[in-house]
Amino acid sequence: MKKANSLKTAKFSFTVLLMALLLQSCGSVPFTGRRQLQLVSNQEVIALSLQQYQEFMRSAPLERGTADAEMVNRIGSRIANAVETFYKNNGYESELENYAWEFNLVKDNSVNAFAMPGGKLVIFTGLLPITQSEGALAVVIGHEIAHVIAQHSNERISQQMALQYGGAIAGGLLGDSQAMQQLGNTVFGLGAQYGVMMPYARKQEYEADEIGLIVMAMAGYNPQIAVPFWTRMAESSDGAQVPEFLSTHPTDSKRIANIEKIMPSVMQYYKGIGVQNVTTAPIKTKAAVPVETDKAKTSEKWTF
């Protein structure tokens with residue numbers, strides 16, 4: 240009986256310890272205010288992702304010096320500048336040390352784009368026939384920048400740690416470089432499948448839509464162009480789109496419906512060409528991100 244009671248006491252103490260650790264490891268997403276699990280530092284996540292990014296870039300067929308390549312860099316720079324101005328005006332200037340922005344156009348027919356922690360973005364040329372304009376491409380780049388500033392990769396790694404290792408987190412996993420590298424390979428597995436990372440959860444996708452529209456509006460791009468763009472994306476599907484219940488990404492119809500829902504609040508940030516309204520405090524619209532249960536991961540046509 241004493242042994243059983245001791246075991247129960249140990250389990251209870253461990254649970255309390257783990258809960259305390261998780262509570263201390265929560266961060267807050269800019270603009271939405273959503274609380275998120277962050278068991279690792281930004282520096283650790285950036286280091287994990289940078290190796291994969293550099294490996295990808297060594298063999299990636301970059302497009303340089305063309306009008307399209309210049310457009311990608313122009314859009315990215317404008318939106319990144321709006322984010323940095325907002326951070327400086329709202330007391331988040333220390334966050335800027337985490338970003339070293341790069342915007343690349345890669346020659347590939349895939350309808351795809353991805354972003355890595357620290358501000359490394361890649362757009363595939365196969366996306367351009369669907370975006371069709373600078374404003375629509377700003378929807379995609381804003382969305383990818385949103386994943387970066389919302390630290391969704393940090394959140395994914397932290398969730399993987401909690402799921403795979405549980406109590407080992409409290410036992411020093413954060414200092415285990417081999418375990419961290421394995422987690423990094425899982426989340427940033429660019430080498431395993433060309434240009435495709437593990438998909439974000441649906442709530443993170445909705446959140447990136449919302450934040451992306453806000454930051455593109457701050458940079459002077461009209462966020463209302465998002466609905467026609469996503470409509471074209473839906474129409475470009477070959478009919479083999481994975482059902483949402485098998486996917487972590489929202490369906491096109493739900494994504495468009497959510498964008499239409501949040502558009503009135505997003506439009507307050509749009510004042511025309513140039514960086515605008517970047518002194519406004521972060522809005523908190525948790526209700527705008529639909530709460531859904533993530534299902535099993537499967538292959539998808541797009542990762543952004």
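The opening residue of the sequence shown carries number 240 in this note's numbering; numbering runs sequentially from there.
All C-beta atoms in this analysis are idealised placements derived from N, C-alpha and C, irrespective of residue type, glycine included.
Given the structure is predicted, the values throughout are model-derived calculations rather than measurements.
Give every residue of the same chain whose Cβ lies closer than 6 Å to the Cβ of residue i, excluding the five residues on either side of it in the sequence, and list them in chain order.
i: A385; result: A447, I450, G451
i: Y508; result: I453, A456, M457, N516
i: V378; result: A465, F468
i: A308; result: E302, L344
i: N281; result: N337
DSSP on residue i, reduced to helix/strand/coil?
i: Q267; result: The sequence shown places Ser at residue 267, rather than the Gln named in the question. Three-state result, S267: strand.
i: A440; result: coil
i: Q282; result: helix
i: N343; result: strand
i: R313; result: helix
i: K510; result: coil
i: R274; result: strand
i: V350; result: coil
i: N393; result: helix
Suppose you measure from the CA of residue i to the CA of residue j; what does that come to, to the nearest Å?
i: E341; j: A440; result: 24 Å
i: E383; j: G330; result: 23 Å
i: I388; j: A306; result: 27 Å
i: L289; j: N497; result: 33 Å
i: N312; j: E323; result: 16 Å
i: T519; j: Y445; result: Because T519 carries a pLDDT of 45, less than 50, the predicted location of this residue cannot be relied on, and no value is offered for it.
i: Y338; j: F295; result: 19 Å
i: I396; j: V279; result: 8 Å
i: A465; j: M355; result: 22 Å
i: I380; j: G358; result: 11 Å
i: P489; j: Q443; result: 10 Å
i: S475; j: T370; result: 11 Å
i: P269; j: M310; result: 27 Å
i: S298; j: P503; result: 43 Å
i: M506; j: R317; result: 18 Å
i: E302; j: G374; result: 20 Å
i: Q390; j: L287; result: 14 Å
i: A319; j: T271; result: 18 Å
i: G304; j: Q293; result: 21 Å
Going by beta carbon distance, what residues of the same chain come within less than 7 Å of residue i, once the five residues before and after it are set aside?
i: Y326; result: E332, E334, L335
i: R494; result: D448, W469
i: V284; result: P356, S392, N393, I396
i: M472; result: I369, D491
Throw me the rounded Cβ distance for the residue i and residue j pair, which I believe falls under 8 Å.
i: I314; j: L376; result: 6 Å
i: N393; j: Q277; result: 5 Å
So, for residue i: in the same chain, excluding its five sequence neighbours on each side, which residues have a beta-carbon less than 8 Å away from its beta-carbon?
i: E267; result: Reading off the sequence shown, one finds Ser at residue 267, where the question assumed Glu. Taken in chain order, the residues that qualify are R273, R274, Q275.
i: S372; result: I464
i: P300; result: V345, K346, D347
Against chain D, does residue i count as a neighbour if the rule is that its beta carbon must be under 7 Å from one of theirs?
i: T370; result: In the structure shown, chain D cannot be found, because there is only a single protein chain.
Three or more C-beta pairs below 8 Å linking the segment 343-350 and the segment 362-372
yes
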